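Inspection log for the structure reproduced underneath, given as structure tokens.
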Amino acid sequence: MGTLDGKTAVVLGASGQSNFGTAIAKRLAAEGANVVVAARRKEPLAELAKEINGLAVACDLTDEAQLENLFSSAMEKYGRVDMAVNSAGVHAAGTIAELTADMIRPTLEVSFIGALLFFKHAAAVMDKGGSVVTVSSLTARIPGPGLAAYSGARAGIDYAIKVAAVEYQEKKIRFNSIAAGMIQTDMTDMFFAMPSVVQAHLDETPCGRMGTVDDMAEAALYLADDSRSGYINGQVLDLSGGQQMGHLPRFDL
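In numbering that gives the first Met the number 0, the protein residues as written are 0 to 252.
Following this line, the structure appears as structure tokens:
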């Protein structure tokens with residue numbers, strides 16, 4: 000038996016072969032949870048849902064009606080939602096001098112506006128308390144060039160969790176964030192193909208290794224599970240091997 004037996008988790012951003020959402024969904028299911036997996040395209044979710052005996056729901060984080068449908072589908076299938084994890088994100092890079100409004104908006108729509116609405120609709124169905132976790136970034140903690148839009152959006156939602164923790168205290172819903180360092184996923188494979196980039200990060204990481212999607216899955220399980228972290232609320236958990244104490248490697252743009 001697992002600590003999440005009988006509970007239901009919703010995990011958004013779980014459509015990749017190797018990404019945070021997929022790893023988190025598998026870990027929560029292994030601990031006994033019923034897991035609803037979601038992403039923009041339903042087809043890639045079907046295999047994962049079958050593997051973990053869960054439910055796949057197509058959901059675009061930038062469409063509030065689809066977010067509402069995601070949580071109503073979870074309620075219809077399982078009758079409750081105890082945990083919700085948002086791992087959706089888009090990478091945006093560009094120096095401030097290069098940015099345009101059109102370049103900035105997609106990042107804000109996903110990483111701030113969409114994440115905030117995810118909080119809203121997750122909390123709306125958590126009648127017996129619960130835990131909401133969002134995935135953020137090390138770059139929201141320490142600055143790097145070319146990351147103003149991406150890091151700014153992540154930093155904004157990291158502060159919003161604190162507001163949410165206060166606003167939903169009467170419902171006993173906890174809100175926390177995971178600030179992830181450089182971890183190899185489908186989205187970051189290109190960087191891990193460059194040994195100099197990996198070594199530059201290792202040089203700044205006291206733990207002496209790069210993080211993994213399994214590290215992320217364990218962190219998400221910890222924050223999602225009331226039996227493990229029931230007294231942690233409004234917190235940003237650094238998942239970067241200590242790199243958050245230093246600085247990002249400097250590369251020429």
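All residues carry an ideal CB built from backbone N, CA and C; glycine is no exception. Values in this document were obtained by computation on a predicted structure and should not be read as measured data.
Measure the Cβ-Cβ separation of K3 and E30 and say whether it is below 7 Å.
Residue 3 sits at position 4 when you count from the first residue of the sequence shown. Residue 30 sits at position 31 when you count from the first residue of the sequence shown. Checking the displayed sequence, the identity of residue 3 turns out to be Leu instead of Lys. Going by C-beta atoms, L3 is nearer than 7 Å to E30.
What whole-angstrom Cβ distance do A37 and L11 have, given they're in contact under 8 Å?
Start at 1 with the first residue of the sequence shown, and residue 37 comes out as number 38. Start at 1 with the first residue of the sequence shown, and residue 11 comes out as number 12. Confirmed, Cβ separation roughly 5 Å.
Considering Q198, what are the terminal residues of the alpha helix (DSSP H) in which it resides?
Against the sequence shown, residue 198 aligns to sequence position 199. That run of the alpha helix (DSSP H) goes 194-202.
Are the region 80-93 and the region 130-142 touching, with three or more C-beta to C-beta distances below 8 Å?
yes
Among F70, G143, S195, I23, whose alpha-carbon lies nearest the alpha-carbon of A121?
Mapped onto the sequence shown, residue 121 falls at position 122. Checked all of F70, G143, S195, I23; the closest Cα to A121 is F70.
Test item: CB-CB of Q243 and R140 under 7 Å
Counted from its first residue, the sequence shown places residue 243 at position 244. Counted from its first residue, the sequence shown places residue 140 at position 141. Closer than 7 Å, so yes.
Considering just the uninterrupted stretch of the beta strand (DSSP E) at N175, what are its terminal residues?
If you number the sequence shown from 1, residue 175 lands on position 176. First-last of the beta strand (DSSP E) with N175: 172-179.
Look at the Cβ atom of A22, then the Cβ atom of V212, and state whether they are nearer than 7 Å.
In the sequence shown, the residue the question calls residue 22 occupies position 23. In the sequence shown, the residue the question calls residue 212 occupies position 213. Going by C-beta atoms, A22 is nearer than 7 Å to V212.
Going along the chain, which residues of its own chain have a beta-carbon closer than 8 Å to the beta-carbon of E217, five neighbours each way excluded?
By 1-based counting over the sequence shown, the position of residue 217 is 218. Result list for E217: R26, in chain order.
With distances taken from CA atoms, which of M181, K76, K171, P144 is nearest L98?
To locate residue 98, count along the sequence shown from 1; it is residue 99. Considering only alpha carbons, the answer is P144.
Under 7 Å, do V35 and L60 count as touching if we go by C-beta distance?
Here residue 35 corresponds to residue number 36 of the sequence shown, with the count starting at 1. Here residue 60 corresponds to residue number 61 of the sequence shown, with the count starting at 1. No; because the gap between Cβ atoms is not below 7 Å, this pair is not in contact.
Should Y149 go down as buried or exposed, given a rule of 16 or more other Cβ atoms within 10 Å for buried?
Residue 149 sits at position 150 when you count from the first residue of the sequence shown. By the 10 Å Cβ count, Y149 comes out buried.
If you draw a straight line from the C-alpha of I95 to the C-alpha of L146, how long is it?
Translated into positions along the sequence shown, residue 95 becomes position 96. Translated into positions along the sequence shown, residue 146 becomes position 147. Between I95 and L146, the C-alpha separation is close to 8 Å.
With H, G and I counted as helix, E and B as strand and the rest as coil, what does DSSP make of Q16?
Position 17 of the sequence shown, counting from 1, holds the residue named residue 16. Of the three classes helix, strand and coil, the one that applies to Q16 here is coil, per DSSP.
Would the region 225-236 count as touching the region 158-171 if we require 3 or more Cβ pairs under 8 Å?
yes
Please work out which residues of its chain come closer than 8 Å, Cβ to Cβ, to G240, disregarding the five sequence neighbours upstream and downstream, and give them in chain order.
Within the sequence shown, residue 240 is the residue found at index 241, counting from 1. Counting only Cβ-Cβ distances below 8 Å, and skipping sequence neighbours, we find G180, T204, P205, C206, G207, R208, M209, G210.
Reduced DSSP category for I95 - H, G, I as helix; E, B as strand; rest coil
Position 96 of the sequence shown, counting from 1, holds the residue named residue 95. Of the three classes helix, strand and coil, the one that applies to I95 here is coil, per DSSP.
Measure the C-alpha to C-alpha separation of S17 and I156 and round it to an integer number of angstroms.
If you number the sequence shown from 1, residue 17 lands on position 18. If you number the sequence shown from 1, residue 156 lands on position 157. Taking the straight line from one Cα to the other gives about 24 Å.
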